[in-house]
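S.K.: Start counting the sequence shown at 8; every next residue gets the next number (the numbering used here).
Heads up, the beta-carbon is just placed ideally off N, CA and C, and yes, glycines get one too.
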Amino acid sequence: PHKLQKMEAKTVLERSNCRAKGGSPGFKVAILGASGGIGQPLSMLMKMNPLVSVLHLYDVANTPGVTSDISHMDTGAVVRGFLGPQQLENALTGMDLVIMPAGVPRKPGMTRDDLFNINAGIVKTLCEGIAKCCPKAIVNIISNPVNSTVPIAAEVFKKAGTYDPKRLLGVTMLDVVRANTFVAEVLGLDPREVDVPVVGGHAGVTILPLLSQIKPPCSFTSEEAAYLTSRIQNGGTEVVEAKAGAGSATLSMAYAAVKFADACLRGLRGDADVIKCAFVPSAVTELPFFASKVRLGRNGVEEVYTLGPMNEFERAGLEMAKKELAGSIEKGVSFATK
Ligand code: NAD
Ligand code: LMR
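Okay, structure coming up:
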């Protein structure tokens with residue numbers, strides 16, 4: 008029986024490799040940090056995404072268990088697990104999209120920038136792997152502080168000679184998800200009907216919801232605008248405090264990450280008019296990176312949209328956002344170039 012089990016395992020592996028190779032339509036996606044609070048639900052939701060044919064789960068801990076568990080789901084994607092730095096290259100080779108939620112989360116009283124010392128090095132190492140093994144992949148960076156980790160990624164790719172600004176995106180989708188939810192609550196609407204552009208970055212005052220551009224068009228009193236802006240900017244802290252030391256947003260983040268990754272994959276497939284907000288290399292302000300609406304296509308970011316008309320409250324917010332962002336971007340760049 009032992010011999011038979013071994014043979015069966017080999018046959019299963021061969022068949023799954025064959026299925027993965029055999030041109031079943033879909034994309035190859037790697038999740039780096041797949042065993043974490045975000046990584047696990049994100050891996051589950053990506054396993055359910057019909058656009059994914061191969062799903063690689065990489066982490067420095069616990070991937071065998073997570074992979075075994077998720078691989079039992081009767082959906083199309085072939086799942087493979089990779090554990091530790093010596094397996095990073097195999098995890099990344101051939102990937103179309105890499106999603107990165109690796110790194111430590113906040114505890115109450117911390118800012119996202121307090122995570123820089125640990126997460127900057129993690130992001131740098133993982134991006135060096137991407138540059139080597141899948142330099143054409145679209146990269147979705149979730150690891151905080153996003154305002155600095157995206158510039159770090161850009162510098163790593165520049166150094167490796169693989170930098171393509173169209174393929175590097177910081178994930179700010181959770182800010183949009185929160186904005187839609189909180190605005191819908193105030194207006195008594197279904198959140199699925201609401202679309203709030205959120206620009207700037209992903210920390211405190213750099214998170215700038217443009218309530219004047221909301222769809223469907225609605226107007227707010229100055230009290231409502233101030234309340235909503237503050238709640239959206241502090242949404243992450245609201246969760247960190249409620250979790251009281253057990254981490255930050257994971258479930259809503261996994262939901263947001265999949266919403267965003269799905270948009271990237273639809274863009275890669277060639278769907279028209281796939282537009283989402285993201286923190287990207289940008290020329291819409293004087294800063295080298297900025298979050299705004301972008302159009303996703305076969306090459307990643309095909310178009311970065313300008314900010315559009317803003318009211319006085321938003322223009323003042325923009326000035327504050329740019330001031331803080333400039334420092335966070337510079338911190339990332341100097342870390343990666345030192
Ligand atoms: P977590 O601690 O639960 O999980 C992180 C995972 O990363 C762990 O499984 C850990 O083993 C893994 N990891 C650590 N070093 C690694 C390495 N070198 N290579 C691969 N994996 C590694 O944390 P979490 O709650 O999942 O949050 C992860 C990150 O996402 C944090 O930095 C957090 O601040 C950030 N985050 C960002 C957003 C956003 O909107 N962009 C939202 C929520 C959280
Ligand atoms: C969030 O917005 O929930 C994340 O950036 C995590 C955090 O630290 O707030």
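(1) Quick one: Cα of G304 to Cα of A290, how far?
(2) Identify whether V163 lies in helix, strand or coil by the three-state DSSP scheme.
(3) Does the Cβ of D197 have 16 or more other Cβ atoms within 10 Å, making it buried, or fewer, making it exposed?
(4) Let me confirm a value: N124 is counted as buried when at least 16 other C-beta atoms fall within 10 Å, else exposed. Which label applies?
(5) Spatial neighbours of V73 within its chain, please: CB distance less than 8 Å, with the 5 preceding and 5 following residues excluded, ordered by chain position.
(6) Are the Cβ atoms of K114 and G252 separated by less than 8 Å?
(7) Could you tell me if N306 is buried or exposed, where buried requires 16 or more neighbouring beta carbons within 10 angstroms of its beta carbon?
(8) Please find out if some non-hydrogen atom of the ligand NAD comes closer than 7 Å to the beta-carbon of V287.
(9) Quick check: does the Cβ of T169 come within less than 7 Å of any heavy atom belonging to the ligand LMR?
(10) Do P204 and S150 have their beta-carbon atoms positioned less than 8 Å apart in this structure?
(11) To which residues of the same chain is C134 closer than 8 Å at the C-beta, ignoring the five residues directly before and after it?
(12) In or out: D278 buried (at least 16 other Cβ within 10 Å) or exposed?
(13) Under 8 Å: do the stretch 168-179 and the stretch 284-301 share three or more Cβ pairs, one atom per stretch?
(14) Around the C-beta of A263, are 16 or more other C-beta atoms found within 10 angstroms, so that it is buried, or is it exposed?
(15) How would you write the range of the alpha helix (DSSP H) that E192 sits in, first residue to last?
(16) Taking DSSP as the reference, what is the three-state secondary structure of G252?
(17) Could you give the first and the last residue of the continuous beta strand (DSSP E) run that contains F296?
(18) Give me the Cβ distance between L272 and L104, rounded to the nearest whole Å; I'm assuming they're in contact under 8 Å.
(19) Go through the stretch 199-268 residue by residue and report every complete run of the alpha helix (DSSP H) that reaches 4 residues or more, in order.
(20) According to the Cβ coordinates, are E96 and K139 closer than 8 Å?
(21) Counting C-beta neighbours from all protein chains within 10 Å, is the total for M55 16 or more, i.e. buried, or is it exposed?
(22) Whole angstroms are fine: how far does the CA of E230 sit from the CA of G334?
(23) A109: beta carbon under 7 Å from a heavy atom of the ligand NAD?
(24) Contact check, A144 vs A98 under 8 Å by CB: the rounded distance?
(25) Pop quiz: G315 and T236 are said to be a contact at Cβ under 8 Å. What is the actual Cβ separation, rounded to whole angstroms?
(26) Among G274, Y312, I148, A186, which one has its Cα closest to the Cα of I214?
(27) For a test of the three-state rule: what should DSSP assign to G277, helix, strand or coil?
(28) Going by the C-beta, is S155 closer than 7 Å to any heavy atom of the ligand LMR?
(29) Indicate the three-state DSSP secondary structure (helix, strand or coil) for M107 in the structure shown.
(30) I'd like to confirm something about I239: is its beta-carbon nearer than 7 Å to some heavy atom of the ligand NAD, or not?
(31) Can you tell me whether M53 is buried or exposed, with buried defined as 16 or more other CB within 10 angstroms of its CB?
(32) Between L294 and the rest of its own chain, which residues show a CB-CB distance below 8 Å, the 5 nearest in sequence each way excluded?
(33) At what residue ranges does the stretch 102-156 contain a whole run of the beta strand (DSSP E), taking only runs of 3 or more?
(34) Do the CB positions of P112 and G254 come within less than 8 Å of each other?
(35) Is there at least one non-hydrogen atom of the ligand LMR closer than 7 Å to the beta-carbon of A298?
(36) Please classify K283: is it buried, with 16 or more other beta-carbons within 10 angstroms of its beta-carbon, or exposed?
M.R.: On the basis of the coordinates in this document:
(1) Along the sequence shown, read from residue 1 onward, the residue named residue 304 stands at position 297. Along the sequence shown, read from residue 1 onward, the residue named residue 290 stands at position 283. It is roughly 19 Å from the alpha-carbon of G304 to the alpha-carbon of A290.
(2) What you label residue 163 is simply residue 156 of the sequence shown in a count that begins at 1. Helix.
(3) Mapped onto the sequence shown, residue 197 falls at position 190. With fewer than 16 other Cβ atoms within 10 Å, it is exposed.
(4) Along the sequence shown, one-based indexing puts residue 124 at 117. Result: exposed.
(5) Walking along the sequence shown from the start, residue 73 turns up at place 66. The residues A41, S42, G46, Q47, S50, L64, D66, G88, in chain order, have a CB closer than 8 Å to that of V73 in the same chain once the five nearest residues on each side in sequence are set aside.
(6) Here residue 114 refers to the residue found at position 107 when the sequence shown is read from its first residue. Here residue 252 refers to the residue found at position 245 when the sequence shown is read from its first residue. Contact check for K114 against G252 passes: the beta carbons are separated by less than 8 Å.
(7) As a first step, residue 306 must be located in the sequence shown, where it is residue number 299. Label assigned to N306: exposed.
(8) In the sequence shown, the residue the question calls residue 287 occupies position 280. V287: no, Cβ never under 7 Å from the ligand NAD.
(9) Position 162 of the sequence shown, counted from the start, is the residue given in the question as residue 169. Checking every heavy atom of the ligand LMR against the Cβ of T169, none is found closer than 7 Å.
(10) For the purposes of this step, residue 150 is taken as residue 143 along the sequence shown, with counting starting at 1. For the purposes of this step, residue 204 is taken as residue 197 along the sequence shown, with counting starting at 1. No, the pair does not count as a contact, with Cβ atoms beyond the cut-off.
(11) On the sequence shown, position 127 is the one that residue 134 refers to. Its chain contains V146, I159, A160, V163, F164 as the residues whose beta carbon lies nearer than 8 Å to that of C134, once the 5 sequence neighbours on both sides are disregarded; these appear in chain order.
(12) Taking the sequence shown and counting its residues from 1, one reaches residue 278 at position 271. With fewer than 16 other Cβ atoms within 10 Å, it is exposed.
(13) They touch, by the three-pair rule.
(14) The count along the sequence shown starts at 1 and reaches residue 263 at position 256. A263 should be labelled buried.
(15) Along the sequence shown, one-based indexing puts residue 192 at 185. Note, E192: alpha helix (DSSP H), 180-194.
(16) Reading the sequence shown from its first residue, position 245 is the one you call residue 252. In the three-state DSSP reduction, G252 falls in the coil class, being neither helix nor strand.
(17) Residue numbering aside, residue 296 sits at position 289 when the sequence shown is read from its first letter. Residues 296-304.
(18) In the sequence shown, the residue the question calls residue 272 occupies position 265. In the sequence shown, the residue the question calls residue 104 occupies position 97. So it is a contact: roughly 6 Å between Cβ atoms.
(19) The stretch 199-268 contains these whole alpha helix (DSSP H) runs: 229-240, 242-250.
(20) Residue mapping note: residue 96 aligns to position 89 of the sequence shown, counting from 1. Residue mapping note: residue 139 aligns to position 132 of the sequence shown, counting from 1. Contact: yes.
(21) Taking the first residue of the sequence shown as 1, we reach residue 55 at position 48. M55 is exposed by the Cβ-count criterion.
(22) If you number the sequence shown from 1, residue 334 lands on position 327. If you number the sequence shown from 1, residue 230 lands on position 223. Looking at the two C-alpha atoms, the distance is approximately 30 Å.
(23) Along the sequence shown, read from residue 1 onward, the residue named residue 109 stands at position 102. Correct: A109 has its Cβ closer than 7 Å to the ligand NAD.
(24) Here residue 144 refers to the residue found at position 137 when the sequence shown is read from its first residue. Here residue 98 refers to the residue found at position 91 when the sequence shown is read from its first residue. Rounded to whole angstroms, the Cβ separation of A144 and A98 is 12 Å, and the two are not in contact under 8 Å.
(25) Numbered from its first residue, the sequence shown carries residue 315 at position 308. Numbered from its first residue, the sequence shown carries residue 236 at position 229. Going by Cβ atoms, the distance from G315 to T236 rounds to 17 Å, so no, they are not a contact pair.
(26) As a working mapping, residue 214 is identified with position 207 in the sequence shown. With respect to the C-alpha of I214, the residue from G274, Y312, I148, A186 having the closest C-alpha is A186.
(27) For the purposes of this step, residue 277 is taken as residue 270 along the sequence shown, with counting starting at 1. Per DSSP, reduced to three states, the secondary structure at G277 is coil, with no helix or strand assignment.
(28) One-based indexing of the sequence shown puts residue 155 at position 148. Answer for S155: no, Cβ out of range of the ligand LMR.
(29) The residue labelled residue 107 in the question sits at position 100 within the sequence shown. Secondary structure at M107: strand, using DSSP grouped into helix, strand and coil.
(30) Taking the sequence shown and counting its residues from 1, the one referred to as residue 239 is at position 232. Answer for I239: no, Cβ out of range of the ligand NAD.
(31) Start at 1 with the first residue of the sequence shown, and residue 53 comes out as number 46. Label assigned to M53: buried.
(32) As a first step, residue 294 must be located in the sequence shown, where it is residue number 287. Same-chain partners within the cutoff: K329, L332, A333, I336.
(33) Qualifying beta strand (DSSP E) stretches, in chain order: 104-107, 145-148.
(34) Stepping through the sequence shown from its first residue, residue 112 is reached at position 105. Stepping through the sequence shown from its first residue, residue 254 is reached at position 247. In this structure, P112 places its C-beta atom within 8 Å of the C-beta atom of G254.
(35) As a working note, residue 298 is residue 291 in the sequence shown. Relative to the ligand LMR, the beta carbon of A298 is positioned no closer than 7 Å to any heavy atom.
(36) Counting from 1 along the sequence shown, the entry for residue 283 is found at position 276. Buried, since its Cβ has 16 or more Cβ neighbours within 10 Å.
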